[in-house]
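All residue numbers for the sequence shown refer to full-length UniProt numbering, where the first residue is 1 and numbers rise by one. To start, the structure itself, in structure tokens.
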Amino acid sequence: MPELPFFLIAGAAVLLGSAVQTGVGLGLGLVAAPVLVVLEPSLMPGTLLVTTVTMPLLTVCAERRHIDWHGLSWGLPARMPGAVAGAWLITVADPRLLGALVGLMVLAAVAASAFSRGGADRPGAPGRPGTQGGPDGVDRVDPADGADPVESRGSDGPPRAHRFSPAALLTAGAAAGLTGTATSIGGPPLALLYQRQPAARVRATLGGFFLGGTLISVLTLAAAGELTAHQVSTGLLLVPFVVAGFAAGRPLCRRLGEARLRTAMLTVVSLSGATLLIRSLL
């Protein structure tokens, strides 16, 4: 394909995916990866990884004060053994079967999440299970609910911010490493874990996870000799589209509160699962 048509089509996909990820916290890989695979399969995954490093970097710089550093400190290191497990699965399992299984698991997790504790997030609804209402109107999280004890506002205040347990973070981080390496889509496990958190916290923390995870993947590919100069140069040429998409998506950050962000995030995660399933069946 001539260079200009390639960059126009690939650039449009990267711009759109970047705008979605700016507002929701994930989505660049979901939108851009299928397009790049169709246009030039030899560029994957190196080109997209080089391009996408910029996206979480911009997010972290813009919303760094909202990052859940406790979550990053537990979840990000777990990504490495998950990535090793994903690489092993690629060598022993049929890639299509693996993609289909992961896609089905993602869709099942979204369905379970969408129908669980649905009334707890509505204004005026009782506190969520695992919280104890205090006399000062502040809910305190029960550690048995999968989070460490931290204070968070009542139903009439800002969205609650949970401090997740190390076990939950290690599991999500490892799952993200496994699915990201095996199927190129690693966002759903972390997105499902953080879906009920304040919007800025979701975007900033997922940005931190994606930044660290993408750098790990790029360095791993380079060490294995699977990252070519052509992939790197093409990825760098697509970076301006990431910056443009980030600028276009910033207004979404002001419009997406907790409820809308959760709906948008579950939609994007559902599309990720459906994409894996369809791609595996074709």
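Ideal Cβ placement from N, Cα and C applies to all residues, glycine included.
Give a yes or no on whether the C-beta atoms belonging to Arg254 and Val24 are separated by under 9 Å. Position 254 of the sequence shown, counting from 1, holds the residue named residue 254. Position 24 of the sequence shown, counting from 1, holds the residue named residue 24. For Arg254 and Val24, no; Cβs fall outside 9 Å.
Mind the definition here: the segment 234–248 touches the segment 40–57 only if three or more C-beta pairs lie below 8 Å; say whether that holds. yes
Which word fits Val14, buried or exposed, when buried means at least 16 other C-beta atoms lie within 10 angstroms of its C-beta? Here residue 14 refers to the residue found at position 14 of the sequence shown. Buried, since its Cβ has 16 or more Cβ neighbours within 10 Å.
Residues near Val37 by beta carbon distance below 8 Å, same chain, minus five either side: Taking the sequence shown and counting its residues from 1, one reaches residue 37 at position 37. Only Met44 meet the Cβ criterion.
My output table needs one value for Arg196: the three-state DSSP class, helix, strand or coil. Position 196 of the sequence shown holds residue 196. Residue state, collapsed to three classes: coil.
Assuming residue 306 and Val106 form a contact by the criterion Cβ under 8 Å, report the distance between their Cβ atoms to the nearest whole angstrom. This structure cannot speak to residue 306, because the chain is shown only from 1 to 282.
Cβ separation of Ala182 and Gly86, assumed to be a contact under 8 Å, to the nearest whole Å: Numbered from its first residue, the sequence shown carries residue 182 at position 182. Numbered from its first residue, the sequence shown carries residue 86 at position 86. Yes, Ala182 and Gly86 are in contact; Cβ-Cβ is about 4 Å, under 8 Å.
Where are the alpha helix (DSSP H) runs, 4 residues long or more, that stay fully inside the segment 58–123, in chain order? 69–92, 95–114
Indicate the three-state DSSP secondary structure (helix, strand or coil) for Pro188 in the structure shown. For this step, residue 188 is matched to residue 188 along the sequence shown. Note: Pro188 maps to helix in three-state DSSP.
How would you label Asp94, buried or exposed, when you count the other beta carbons within 10 angstroms and need 16 or more for buried? By one-based count along the sequence shown, residue 94 stands at place 94. Exposed: under 16 other Cβ atoms inside 10 Å.
Closer than 7 Å by C-beta to Leu193: which residues in its own chain qualify, once you throw out the five before and the five after it? Chain order, please. In the sequence shown, residue 193 corresponds to position 193, counting from 1. Closer than 7 Å at the Cβ level, and outside the excluded window around Leu193, lie Phe164, Ala168, Ala172.
So Phe241 and Ser18 are supposed to be a Cβ contact under 8 Å. How far apart are they, rounded? The residue you call residue 241 lines up with position 241 of the sequence shown. The residue you call residue 18 lines up with position 18 of the sequence shown. Phe241 to Ser18, Cβ: 7 Å. Contact.
Given that a residue counts as buried once 16 or more other Cβ atoms are within 10 Å of its Cβ, and exposed if not, what is Val92? Taking the first residue of the sequence shown as 1, we reach residue 92 at position 92. The residue in question, Val92, is exposed, as its Cβ has fewer than 16 Cβ neighbours within 10 Å.
Glu3: first and last residue of the uninterrupted alpha helix (DSSP H) it sits in: Taking the first residue of the sequence shown as position 1, residue 3 is located at position 3. It spans 3–24 - the alpha helix (DSSP H) in which Glu3 sits, taken as one unbroken run.
Ala222 vs Pro81 beta-carbon contact at 9 Å: Within the sequence shown, numbered from 1, the residue matching residue 222 stands at position 222. Within the sequence shown, numbered from 1, the residue matching residue 81 stands at position 81. For Ala222 and Pro81, no; Cβs fall outside 9 Å.
State the start and end residues of the unbroken alpha helix (DSSP H) segment that holds Val53. Position 53 of the sequence shown, counted from the first residue, corresponds to residue 53. From DSSP, Val53 is part of no alpha helix (DSSP H); its letter is neither H nor E.
Taking the continuous alpha helix (DSSP H) assigned at Leu30, which residues delimit it? Your numbering for residue 30 matches position 30 in the sequence shown. Per DSSP, Leu30 belongs to the alpha helix (DSSP H) from 28–39.
Is the beta carbon of Gly11 closer than 9 Å to that of Leu238? In the sequence shown, the residue the question calls residue 238 occupies position 238. In the sequence shown, the residue the question calls residue 11 occupies position 11. Closer than 9 Å, so yes.
Thr171: first and last residue of the uninterrupted alpha helix (DSSP H) it sits in: In the sequence shown, counting from the first residue as 1, residue 171 sits at position 171. Its alpha helix (DSSP H) spans residues 166–183.
Beta-carbon gap between Ala114 and Leu266 smaller than 9 Å: In the sequence shown, residue 114 corresponds to position 114, counting from 1. In the sequence shown, residue 266 corresponds to position 266, counting from 1. Cβ distance < 9 Å, so Ala114 and Leu266 count as in contact.
So His162 is in the alpha helix (DSSP H); what residue range does that whole segment cover? Position 162 of the sequence shown, counted from the first residue, corresponds to residue 162. Counting along the chain, His162 falls outside any alpha helix (DSSP H), and DSSP gives it neither H nor E.
Provide the residue span of the alpha helix (DSSP H) that contains Glu225, from first to last. Counted from its first residue, the sequence shown places residue 225 at position 225. Correcting the residue type first, residue 225 is Gly in the shown sequence and not Glu. Note, Gly225: premise wrong, no alpha helix (DSSP H); not H, not E.
Using a threshold of 9 Å, state whether the C-beta atoms of Gly27 and Val268 are closer than that. As a first step, residue 27 must be located in the sequence shown, where it is residue number 27. As a first step, residue 268 must be located in the sequence shown, where it is residue number 268. Yes. Within cutoff.
Leu252, enclosing alpha helix (DSSP H) - first and last residue: Within the sequence shown, numbered from 1, the residue matching residue 252 stands at position 252. Here the alpha helix (DSSP H) through Leu252 covers 239–255.
Rounded to the nearest angstrom, how far is the Cβ of Leu30 from that of Ile278, given a contact under 8 Å? Taking the sequence shown and counting its residues from 1, one reaches residue 30 at position 30. Taking the sequence shown and counting its residues from 1, one reaches residue 278 at position 278. About 12 Å separates the two Cβ atoms, so there is no contact after all.
Environment of Ala33 [buried if 16+ CB atoms lie within 10 Å]: Indexing the sequence shown from 1 puts residue 33 at position 33. It is buried - the Cβ of Ala33 has at least 16 other Cβ atoms within 10 Å.
Among the residues of its own chain, which have a CB less than 8 Å from the CB of Phe7, if the five just before and after it don't count? Residue 7 sits at position 7 when you count from the first residue of the sequence shown. Cβ neighbours of Phe7 beyond the five flanking positions: Leu237, Leu238.
Proximal residues to Ala244 (C-beta, below 7 Å), its chain only, five neighbours per side dropped: Along the sequence shown, read from residue 1 onward, the residue named residue 244 stands at position 244. If we look at Ala244 and ignore the five residues flanking it on each side, its Cβ neighbours are Leu15.
From the DSSP output, in three-state form, read off Met265 for me. Reading the sequence shown from its first residue, position 265 is the one you call residue 265. Helix, per DSSP.
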